[in-house]
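See below for the structure under consideration.
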Ligand code: NAD
C-alpha cells in the first residue's frame, strides 16, 4: 500500500484521513491513500518549486536521461503496474495493457524531440524598427504545472500531459482521481525512491477539494475530466489569471455511409465503443448508418458484441475482452440511459442489463433510438452502442453535430473524397476515417475538444510540449549605435525623415509613397 512519504510528501505534511480503494470487479479493498488537506498540498507545492530551477537547468538532454530511466523502470515493472491498474479499475488485462504502450510512446517521443522543440528560435525581422535587431524566442517552462486526472486511464492520462510538462522543464504536481489513485502514485514512488529521480514530481491524493487546492497552487493547470468540473477549474484559473488547458467530455458520433466496408465498420464500432467498457472520452457513443447499409450493419454488430467475453481476467491471460465499470455512479448513468431508451421504445438487441456480480454492465446494442433519448444526447461513458438509421449523409452530419460536445468522430466510407467531405462538415476536434479512437493516440496530431469538450489541447508535435512553456521574446542589437532615430529628443529633420520612410516602405502605390493621396482600392 502506498504511503505519503513514498508519494513525494515529506513527513511534516502527513495527515490522518484515508481514502480506501476497492476493486470494482469484486469489491475487494486493494489499497488506501491519504485524503490530504489544502495545507498539505501547499507544502508539497513548495517542495516542488524549490526543486524546479535545477531541473530546468539540466536542459532537455539531462531531463531525458532521467525520464528514460523511468521508462526502463516501468517496463521492468509493467506486469505489476498493469495488475495494480486492473485492481483499481476492474479492466480486462488487454484493455489495461494499452496504457503501458501510451506511456512508452509518450516518453520516447518527447525525450527524442524536446531539445529540438525547445531550441531558441530566430525569427524574421519585420518593420523598420527591426532593421538593426536580431529577434529570438526563448522557451521557459511554467515553473509548477498541475495535472488533474479522471479515473478511466490511471497510467495513460497522467502520462500524456505529465511527461511533456516534465520535459519542458516544469515541476509537476499530480492529482489523480480519488477512485483510481494507486497506479500513478506507484509510478511517482518508483521515480522518487527506486530510480532516485529529482523531486520534481509529486502525487497528492484526495477528492475535488484537493483538486481545487492544486489549482490554487500551480502556475498552469492541465485538467482532464468532466465538463462540469472543467468549468469550475476554468473559472478559478480565470480568477488567478493562470493558463488552463481542459480535456473534457464527449459524445462522439460514428457515421457509416452506404458504401462502407461493413465488416471493418462493425469491428471498429465494437472496439471504439466498448474499449475500457466505453469509459474513454473519445469512445464511439452513437452511430448513424445510412439506410441501405443499416440492416447488415446491425446484424453484424449485434453478433460481434454478443460474442464478447466480459470479466476481469487473470494477469496476462487475455481471457476476457471487456471489464467492469469503475464506479457505482457511472454504472447508474449507463443503466439510466438504457432504461430511458427502452421505455421510450428502443430495443436492446443484445445486452441491456447490469450484472449482479460486481460492477459490470453487459455490452449493449440499442436500436430504434432517436435524439429525444438521453443515450443519444448525454455522455454515457459506458458499454452501449445506440444505432440510428438515417436517410443520407446530410441527415447523419446534422445529427452528429446536434450536440454540445465536439471531441472526435469517425466516418466509414469506401470513397475517400466523400469521407473527407463529411469530415470537413463535422464540428469536432478530430475525425477518424475508417478507424476509431486513433487520432487521440498519435502524438504528432493535435488532440483538442471543440465546443464543450475542451479548451486548448494536447499533443500535436512541438505544440504538445510548448504549451507548458512561456515564450520569452529576446531582442539583441546587431550594431553598437549610440542612440536610435526614434528615441528622445525628437528632432524635426530626423522625425520627418522617419515619416517619409514609413510611407516609402509601407505604402502600396507611388502617389502615397511620395506623400500624396492615392486612389481608393476597388472593393
Ligand atoms: P471528474 O470531473 O468528476 O473528476 C476528474 C478529476 O477532477 C478528479 O481527479 C477529481 O477529484 C477532480 N476534481 C473534482 N472536482 C474538482 C474541483 N472542483 N477542482 C479541481 N479538481 C476537481 O471526472 P471523472 O468522473 O473522474 O471522469 C470522467 C470524465 O472525464 C468524463 O466526462 C470523460 O469524458 C472525461 N475525460 C476526458 C478526457 C479527454 O481527454 N477529453 C479523457 C478522459 C476522461
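In UniProt numbering, the protein residues as written are 1 to 523.
Ideal Cβ placement from N, Cα and C applies to all residues, glycine included.
Can you list, in chain order, the residues of its chain with a C-beta nearer than 6 Å to that of residue i? Leave out the 5 residues immediately preceding and following it.
i, result
"residue 26", "358"
"residue 526", "There is no way to answer for residue 526, as the model of the chain reaches only from 1 to 523."
"residue 134", "476, 478"
"residue 216", "none"
"residue 433", "411, 419"
"residue 464", "164, 458"
"residue 237", "221, 244"
Of the choices the options, whose alpha-carbon is the least far from that of residue i?
i, options, result
"residue 196", "73, 405, 365", "73"
"residue 174", "162, 371, 208, 242", "162"
"residue 429", "482, 421, 446, 416", "446"
"residue 309", "37, 91, 28, 402", "91"
"residue 280", "98, 187, 21, 479", "98"
"residue 246", "84, 230, 268", "230"
"residue 482", "132, 56, 57, 79", "132"
"residue 172", "139, 406, 521, 218", "218"
"residue 178", "268, 150, 365", "150"
"residue 274", "228, 34, 361, 424", "361"
"residue 324", "341, 298, 363, 343", "363"
"residue 214", "258, 46, 411", "46"
"residue 449", "343, 125, 227, 83", "227"
"residue 421", "110, 393, 188", "393"
"residue 66", "372, 336, 127, 191", "191"
Please report the distance separating the alpha-carbon of residue i from that of residue j.
i, j, result
"residue 387", "residue 206", "38 Å"
"residue 374", "residue 251", "11 Å"
"residue 436", "residue 476", "49 Å"
"residue 129", "residue 40", "51 Å"
"residue 291", "residue 431", "22 Å"
"residue 305", "residue 348", "12 Å"
"residue 198", "residue 48", "10 Å"
"residue 81", "residue 69", "16 Å"
"residue 120", "residue 467", "15 Å"
"residue 211", "residue 484", "51 Å"
"residue 239", "residue 158", "25 Å"
"residue 525", "residue 266", "Residue numbering for the chain in the displayed model covers 1 to 523; residue 525 lies beyond these limits and cannot be assessed."
"residue 340", "residue 111", "48 Å"
"residue 168", "residue 85", "27 Å"
"residue 32", "residue 20", "4 Å"
"residue 117", "residue 469", "11 Å"
In three-state DSSP terms, what is residue i?
i, result
"residue 361", "strand"
"residue 320", "coil"
"residue 385", "strand"
"residue 397", "helix"
"residue 526", "Because the chain in this structure spans residues 1 to 523, residue 526 falls outside the shown range and cannot be described."
"residue 138", "strand"
"residue 458", "strand"
"residue 432", "strand"
"residue 476", "strand"
"residue 517", "coil"
"residue 310", "strand"
"residue 190", "helix"
"residue 244", "strand"
"residue 164", "helix"
"residue 125", "coil"
"residue 419", "helix"
"residue 471", "strand"
"residue 410", "strand"
Mind reading off the beta-carbon distance from residue i to residue j? Whole number of angstroms is fine, and I expect it under 8 Å.
i, j, result
"residue 302", "residue 350", "5 Å"
"residue 528", "residue 166", "Only positions 1 to 523 of the chain appear in the structure, and residue 528 is not among them; the question remains open."
"residue 181", "residue 277", "Actually they do not touch by this definition, with Cβ atoms about 19 Å apart."
"residue 454", "residue 248", "5 Å"
"residue 471", "residue 123", "With a Cβ gap of about 11 Å, residue 471 and residue 123 do not count as contacting."
"residue 258", "residue 293", "5 Å"
"residue 346", "residue 380", "Incorrect: roughly 13 Å between the Cβ atoms, too far for contact."
"residue 244", "residue 233", "6 Å"
"residue 385", "residue 354", "Actually they do not touch by this definition, with Cβ atoms about 17 Å apart."
Return the chain-ordered list of same chain residues with a C-beta closer than 7 Å to the C-beta of residue i, the five sequence neighbours on each side being excluded.
i, result
"residue 509", "518"
"residue 461", "444"
"residue 87", "23, 30"
"residue 143", "49, 52, 170, 171, 219"
"residue 586", "Examination of residue 586 is not possible in this model, given that the chain is present from 1 through 523 alone."
"residue 540", "Because the chain spans 1 through 523 in this model, residue 540 falls outside it and cannot be assessed."
"residue 152", "276, 279, 280, 326"
"residue 427", "401, 406, 450, 451"
"residue 498", "485, 486"
Taking 8 Å as the limit between beta carbons, can you name the residues of its chain near residue i, skipping five residues before and five after?
i, result
"residue 512", "503, 518"
"residue 515", "500, 503"
"residue 395", "288"
For the ligand SAM, is there a heavy atom less than 7 Å away from the beta-carbon of residue i?
i, result
"residue 26", "Absent from the structure shown: the ligand SAM. Ligands present: the ligand NAD."
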